[in-house]
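Trainee: First the structure, which I've put down as structure tokens, then a few questions once you've had a look.
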Amino acid sequence: MKAFFGKKPVKIIGSIILILVLAVCICNGYFASVALKEQKGVAVCDKWSPDDAYTSDYAKNFEIGDKDYKILCLTDVHIRNHGTFAACLGVNFILDGMSEIQLKKLIKNEQPDLIIVGGDTVLTAWNDICTRQFCEFMEKFGIPWAPIFGNHDYEGRADKAKLAEIYESYENCLFKSGPEGMDGMGNYIINLTRNDKPVYTLFMFDDGQFRVTDGKITYGGIGENQIKWYKWAVDGIASENGGNIVPNMAFMHVPVPEYKERNDNFKMGLRLEETTAATVNDGFFEAFKANGGTHMYCGHDHINNFISEKDGIELNYMTKSSYNCYFSFKELGGLEITLDKDNNVNERIVEF
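Those letters in the sequence shown? Residues 798 to 1149, by the numbering used here.
Structure follows, in structure tokens:
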């Protein structure tokens, strides 16, 4: 016992602690230096006006034949979650590794035709590096995937234009920077067709922008010019479809204010926190309802994944898809959307 409590073991323990502290300081110094190197991109956005004629090549078009078409939605992966080596001594890196294992298993088990990533994919000062890492991970599956921005993706050394450049450089990534001069970046369209005829349109929105409302910074939501663009596209797709409005879905990160009205009478899933919706309501829900909209999907609130209905429109959450940042073990995995051969929409929550 005397030897155990002698000076030598204390010195050894002290030396180990000192080495660990020095390692943390060196790692954090390196990470800080990387974070200071700003990365500015040049977004290549199409010019757009409501007076422009819509043409079918404006959207990404996928012929899905006469089979069921499966979409897997992931969201709020939060790679690094502001973590440096000192953040709980690198626990965030471990959580990223655990999440990657589960995501790989989920994608391989479900074998979707399309993967949608609902924003807040990264949250770190070196957001460009981690976005590239995520892109490399997704490309390994050889499956088309469509990301949108959340409110945290661009909170790092790289601006949104740089992240857009990164997304657009990958073969299977469907991301488009979107119309010039519009709120957000990454507003784009995917058409699902059978025999070259559109049967469902997927609208991808960047609603994670912040606004200044009454002197306060608030969540932006889908703005007036995005709504105008949405109506223009719906009308244009209809005109190419014999005048018939094509049913459509909307994917965004921040829920529209109408989500706050949902009670506990859900088709499936849970509400474990209050909805943090866009503060300003520019009327997207009403426009969506009037223009063939059927299903909305959002992320943002990590421990909500309910599927609900209002006025014949489904207001739904995707399911959080990682162990980083706050989560509930009851709600981890993804949301599977299946468009059957008769174009009916079915949903299933798939768990890690």
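Ideal placement from N, C-alpha and C gives every residue a C-beta, glycine not left out.
May I have the straight-line CA-CA distance separating GLU1070 from ILE986, to the nearest angstrom?
Mentor: Roughly 31 angstroms between the two C-alpha positions.
Trainee: If PHE1126 and GLN899 are in contact, beta carbons under 8 angstroms, what's the gap, nearest whole angstrom?
Mentor: Not a contact, Cβ separation roughly 12 angstroms.
Trainee: Taking LYS1057 and GLU1106 to be in contact with their CB atoms under 8 angstroms, please state how far apart those CB atoms are, rounded to whole angstroms.
Mentor: 15 angstroms between Cβ atoms; not a contact.
Trainee: Jot down the residue ranges of each uninterrupted alpha helix (DSSP H) in the segment 1010–1084, minimum 4 residues, whole runs only, in chain order.
Mentor: With a minimum length of 4 residues, the continuous alpha helix (DSSP H) runs that stay inside the segment 1010–1084 are 1021–1036.
Trainee: Indicate whether ILE1034 and PRO995 have their beta-carbon atoms separated by less than 8 angstroms.
Mentor: Yes, Cβ-Cβ distance for ILE1034 and PRO995 is below 8 angstroms.
Trainee: Check whether the Cβ atoms of TYR1027 and PHE1000 lie closer than 8 angstroms to each other.
Mentor: Yes; because the gap between Cβ atoms is below 8 angstroms, this pair is in contact.
Trainee: Tell me the DSSP secondary structure of VAL839 in three-state form.
Mentor: DSSP places VAL839 in coil when its eight states are reduced to three.
Trainee: Confirm, please, whether the CB-CB distance from ASP980 to ASN948 is below 8 angstroms.
Mentor: No.
Trainee: In this structure, does DSSP put PHE1007 in helix, strand or coil?
Mentor: Of the three classes helix, strand and coil, the one that applies to PHE1007 here is strand, per DSSP.
Trainee: Can the beta-carbon of THR1010 be found less than 8 angstroms from the beta-carbon of THR1076?
Mentor: Contact: yes.
Trainee: Count the other C-beta atoms from every protein chain shown that fall within 10 angstroms of the C-beta of LEU1112, then say buried if there are 16 or more, exposed otherwise.
Mentor: It is buried - the Cβ of LEU1112 has at least 16 other Cβ atoms within 10 Å.
Trainee: What separation, rounded to the nearest whole angstrom, lies between the Cα atoms of ASP1061 and ASP1098?
Mentor: Answer to the nearest angstrom: the Cα atoms are 16 angstroms apart.
Trainee: Would you mind giving the Cβ-Cβ distance between ASP1079 and HIS1050, rounded to the nearest angstrom? I have them listed as a contact below 8 angstroms.
Mentor: Going by Cβ atoms, the distance from ASP1079 to HIS1050 rounds to 16 angstroms, so no, they are not a contact pair.
Trainee: Near THR1072, what residues of its chain come up, given a Cβ to Cβ distance below 8 angstroms and the 5 sequence neighbours on each side ignored?
Mentor: Cβ within range, chain order: PRO1052, TYR1056, LYS1057, ARG1059, ASP1098 and ASN1101.
Trainee: Across which residues does DSSP place ALA955 in a beta bridge pair?
Mentor: GLN836, per the DSSP bridge assignment.
Trainee: Can you list the beta strand (DSSP E) stretches of 3 or more residues lying completely in the segment 897–946, in chain order?
Mentor: As far as the segment 897–946 is concerned, its whole beta strand (DSSP E) runs of at least 3 residues are 911–914 and 942–944.
Trainee: In angstroms with no decimal places, state the Cα-to-Cα distance between PHE938 and GLY811.
Mentor: Near 47 angstroms, if we compare the C-alpha coordinates of GLY811 and PHE938.
Trainee: For THR998, list the residues DSSP reports as bridge partners.
Mentor: Beta-bridge pairing links THR998 to ASN988 and ASN1045.
Trainee: Whose CA, out of SER1119, VAL1142 and ASN1041, lies closest to the CA of THR1091?
Mentor: Here the closest residue by C-alpha is VAL1142.
Trainee: Can you check DSSP and say which residues form a bridge with TYR1094?
Mentor: For TYR1094, which the question treats as bridged, DSSP gives the partners PHE1048 and ASN1113.
Trainee: Please classify LEU819: does DSSP put it in a helix, a strand, or coil?
Mentor: Helix at LEU819.
Trainee: Using the C-alpha atoms, what's the distance from ILE813 back to PHE946?
Mentor: Approximately 42 angstroms between the Cα atoms of the pair.
Trainee: Does PHE859 come out as helix, strand or coil in the three-state DSSP assignment?
Mentor: DSSP places PHE859 in strand when its eight states are reduced to three.
Trainee: Are GLU1133 and LEU869 closer than 8 angstroms when you measure CB to CB?
Mentor: A contact, by the Cβ cut-off of 8 angstroms.
Trainee: Decide yes or no for the touch test of the segment 837–845 against the segment 870–879: beta carbon pairs closer than 8 angstroms, at least 3 of them.
Mentor: No: fewer than three Cβ pairs fall under 8 angstroms.
Trainee: Closest to ASP893 by C-alpha separation, out of GLY1131, THR918, TYR967 and PHE1002, would be which residue?
Mentor: Considering only alpha carbons, the answer is THR918.
Trainee: Give the single residue among ASN984, PHE1081 and ASN1041 whose Cα lies nearest to the Cα of TYR855.
Mentor: Nearest C-alpha to TYR855: ASN984.
Trainee: So, under 8 angstroms CB-CB, LEU871 and VAL914 are touching, yes? Tell me the CB distance rounded to an integer number of Å.
Mentor: Contact holds; Cβ gap of about 5 angstroms.
Trainee: Apart from the five residues on each side of it in sequence, which residues of its chain come closer than 7 angstroms, Cβ to Cβ, to SER896?
Mentor: Here the set comprises VAL874, SER1119, TYR1120 and ASN1121.
Trainee: With distances taken from CA atoms, which of ALA922, LEU911, THR998 and ASN969 is nearest ASP956?
Mentor: Minimum Cα distance to ASP956 is reached at ALA922.
Trainee: So CYS1122 is in the beta strand (DSSP E); what residue range does that whole segment cover?
Mentor: Taken as a continuous stretch (DSSP letters only), CYS1122 belongs to no beta strand (DSSP E), as it is neither H nor E.
Trainee: Can you give the beta carbon distance from ASP950 to GLY916, rounded, assuming they're within the 8 angstroms contact cut?
Mentor: Yes, ASP950 and GLY916 are in contact; Cβ-Cβ is about 7 angstroms, under 8 angstroms.
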